[in-house]
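One structure is given below, encoded as structure tokens.
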Amino acid sequence: MAPRNPNSEKILDFVVNKGNGIKGLVDTGIETVPDLYILPIEERLLPNNILPYDSIPVIDVSNWDDPKVKESICDAAGKWGFFQIINHGVPLHVLDAVKEAAYRFFGLPYEERNKYWAGNSPTDTVTLKTSFVPQAEAVLEWKDYLSFRCSPRDLESFPLWPPVCRRFADVMGDTTVDYRKYRLKKNLELQNSTHIYNCLMTVYRDEVVEYMESTKSVIRKLLEVLLEGLKVKQIDKAREYTLMGSPIVNLMYYPHCPNPDFTAGVRPHSDISTLTVLLQDDNGGLYVRATENDSWIHVLPINGALVINIGDILQIMSNDRYKSIEHRVVANRSKDRVSVPIFVNPGPDAVFGPLPEVLESGEQPLYKEVVFSDYFKYFFSKKHDGKKSMDFARI
Ligand SMILES: COc1cc(/C=C/C(=O)SCCNC(=O)CCNC(=O)[C@H](O)C(C)(C)COP(=O)(O)OP(=O)(O)OC[C@H]2O[C@@H](n3cnc4c(N)ncnc43)[C@H](O)[C@@H]2OP(=O)(O)O)ccc1O
Ligand SMILES: O=C(O)CCC(=O)C(=O)O
Ligand SMILES: [Fe+2]
1 MAPRNPNSEK ILDFVVNKGN GIKGLVDTGI ETVPDLYILP IEERLLPNNI
51 LPYDSIPVID VSNWDDPKVK ESICDAAGKW GFFQIINHGV PLHVLDAVKE
101 AAYRFFGLPY EERNKYWAGN SPTDTVTLKT SFVPQAEAVL EWKDYLSFRC
151 SPRDLESFPL WPPVCRRFAD VMGDTTVDYR KYRLKKNLEL QNSTHIYNCL
201 MTVYRDEVVE YMESTKSVIR KLLEVLLEGL KVKQIDKARE YTLMGSPIVN
251 LMYYPHCPNP DFTAGVRPHS DISTLTVLLQ DDNGGLYVRA TENDSWIHVL
301 PINGALVINI GDILQIMSND RYKSIEHRVV ANRSKDRVSV PIFVNPGPDA
351 VFGPLPEVLE SGEQPLYKEV VFSDYFKYFF SKKHDGKKSM DFARI
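Residues in the sequence shown are numbered from 1 upward in steps of one, following full-length UniProt numbering.
Listed below in structure tokens is the structure:
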């Protein structure tokens, strides 16, 4: 990596080493995007490369047993790698609560956020980070995120997860207030007010766990349908561990950006999960690679919908029948964006490769068997780099 200029070094120190995150930098009132965040032109998402009339499929899953629903899911997984589901049964209030929890966490003062900064956190299961792998990135990503490991064993560390006051409206004696509008108006006062934190210490970890728990049956159903499409009759305990042994829930925060066209919220990448369930807010900004050259499709926010994407692991297990498609995020000029992905990952020591059911008719495997923690470490050893992680498993 080429040496950085002194100003970029200073910003890197503030954002990464001191743990202020990009949120801290935006709070200083910057009016332009610093060099450290400016992408070379060839890496930017240009308006000409966006396909304005295309969209990923939207599937109504109110009846999971309907063969047409199953077919739509498997078709979308093979053709698009991305789709949205509606009528999935996860209550709207659970979705809204976890998004609000993300806004609340990132609205905390530096001292409170910094308690969970990687290296400071009281538990390995919760870490606050910025960008992706800052030490390997010449240009950083415009995002901070609080990451929760959510396997059943990880949930034992629940008491160490961050407390934050939950219902500002109650504290202020107004239960009808819209939290987000309220937050914008009151942001400064709230940040300076330790009184409020002391007033009502409930826990926002509740929202993360509730979201994870309410979504579990949707994840299970999706995996059953997708594996049935690969001729797998039943998901036994061992397969369950390989498919969904160590989920990770992230609260992603993309603060408003003076010029989002110059920088990346998240660079083009594919997820390494089996699948990812993503809840986004209504600001938009997620783009999925289309089949045509360098074209991208915007994922339109739909209230109450969950965005589902196939990850590398399921592409590998299906021997390329299902596709793990590249996607990227662009921040917003005036609004802070949040999203909440659940990365449905194999257990760390699970070994995965193309499924025997897929290869039974003599098809050649395109991938070797890999241990998930090795794949994960490889993914986190370099910047987001399109679909390069899959080379780790390719024969
Ligand atoms: C974009 O697409 C994505 C993204 C992601 C993930 C996004 C994130 O934001 S994660 C960022 C925050 N977390 C981390 O950076 C740490 C992640 N590291 C790990 O999960 C693990 O360290 C590992 C890479 C999987 C390797 O684990 P291992 O080799 O077993 O060794 P240790 O790290 O020393 O583990 C100690 C101990 O804990 C157990 N353990 C580790 N990880 C997990 C886990 N994820 N779930 C449950 N348990 C875990 C480990 O087994 C050890 O236990 P022992 O009993 O053996 O001591 C994701 C997906 C995308 O698509
Ligand atoms: O924030 C989003 O919409 C997507 C984030 C994402 O792709 C990721 O974290 O892997
Ligand atoms: Fe992703």
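The C-beta atom is built at its ideal place from N, Cα and C for all residues, glycine as well.
Worksheet item: Under three-state DSSP, which class holds E280?
Response: The sequence given here places Gln at residue 280; Glu does not occur at that position. Note: Q280 maps to strand in three-state DSSP.
Worksheet entry | C-beta contact flag for P162 and F105 at 9 Å | yes
Discussion item. Could you check if P247 belongs to the surroundings of ligand 3, using beta carbon to heavy atom distance under 8 Å?
Written reply: no
Fill in: Residue(s) in a DSSP beta bridge with W117
L128
Worksheet entry | Buried or exposed (CB count within 10 angstroms, at least 16 for buried), S62 | exposed
Practice prompt. Output yes or no for whether 9 Å exceeds the beta carbon distance between G24 and Y110.
Written response: Contact flag set, yes.
Practice prompt. Could you tell me which residues DSSP puts in a beta bridge with D60?
Written response: Partner(s): I86.
Fill in: Which of helix, strand or coil DSSP assigns to N5
DSSP, read as helix, strand or coil, puts N5 in coil.
Worksheet item: Along the chain, which unbroken stretches of the beta strand (DSSP E) at least 3 residues long are found entirely within the UniProt domain "Fe2OG dioxygenase" (240-346)?
Response: 248-254, 266-269, 275-280, 286-289, 296-298, 306-310, 327-329 and 337-344
Worksheet item: Taking 8 Å as the cut-off, does the CB of H327 come closer than this to any heavy atom belonging to ligand 3?
Response: yes
Fill in: Spatial distance of H269 from I310 (CA atoms)
Each residue's Cα considered, the two are about 12 Å apart.
Discussion item. Please return the same chain residues whose Cβ sits closer than 6 Å to the Cβ of S151, not counting the five positions on each side in sequence.
Written reply: S246
Discussion item. Short of 6 Å in beta carbon distance, which residues of its chain neighbour P258, apart from the five on each side in sequence? Order them along the chain.
Written reply: E31, T32 and V33
Worksheet item: Going straight from the alpha carbon of F343 to that of T274, what length do you get?
Response: 8 Å
Worksheet item: Excluding the five sequence neighbours on either side, which residues of its own chain have a C-beta within less than 6 Å of the C-beta of D385, listed in chain order?
Response: none
Worksheet item: Is the beta carbon of G265 less than 9 Å from the beta carbon of G285?
Response: yes
Item to complete: Look at the alpha carbon of residue 420 and the alpha carbon of L226, and state the distance between them as a whole number of angstroms.
Response: This structure cannot settle anything about residue 420, because the visible part of the chain is limited to 1 through 395.
Worksheet item: Can you tell me whether DSSP reads S72 as helix, strand or coil?
Response: helix
Fill in: Spatial distance of N187 from K323 (CA atoms)
Any answer about N187 is weak, because its pLDDT of 44 lies below 50 and its placement is not dependable; what the coordinates show is given next. As the crow flies, the alpha-carbon of N187 is around 42 Å from that of K323.
Discussion item. Which runs of the beta strand (DSSP E) at least 3 residues long sit entirely within the segment 355-391? Give them in chain order.
Written reply: none
Worksheet item: Skipping 5 residues on each side, what residues in its chain have a beta carbon closer than 7 Å to that of I56?
Response: W80, F82, F83, Q84, V288, I297 and V299
Worksheet item: Which residue spans inside the segment 16-66 form an unbroken beta strand (DSSP E) run of at least 3?
Response: 58-60
Discussion item. Ligand 3 and S270: does the residue's C-beta get closer than 8 Å to at least one heavy atom of that ligand?
Written reply: yes
Discussion item. Let me check understanding here. Comparing Cα to Cα, which of L146, H256, P301 and Y211 lies closest to T123?
Written reply: Checked all of L146, H256, P301 and Y211; the closest Cα to T123 is L146.
Worksheet item: For I272 versus M244, is the C-beta distance shorter than 9 Å?
Response: no
Worksheet entry | Bounding residues of the alpha helix (DSSP H) (the contiguous stretch that carries D96) | L92 to G107
Discussion item. Considering only heavy atoms of ligand 2, does any lie closer than 8 Å to the CB of Q280?
Written reply: yes
Item to complete: Can you tell me which of A118, T130 and P346 puts its alpha carbon nearest to the alpha carbon of P255?
Response: T130
Worksheet item: With 16 as the cutoff for other CB atoms within 10 Å, does D336 come out buried or exposed?
Response: buried
Discussion item. So if DSSP puts V351 in a beta bridge, which residue, or which two residues, is it bridged to?
Written reply: Residue pairing for V351: DSSP places it in a beta bridge opposite V371.
Worksheet item: According to DSSP, which residues form a beta bridge with L146?
Response: L128 and L251
Fill in: Environment of P40 [buried if 16+ CB atoms lie within 10 Å]
exposed
Discussion item. Closest to I22 by C-alpha separation, out of E292, E207, Y53 and D144, would be which residue?
Written reply: Nearest C-alpha to I22: D144.
Worksheet entry | Cut-off 8 Å between Cβ atoms - residues of its own chain near G29, not counting five sequence neighbours on either side | none
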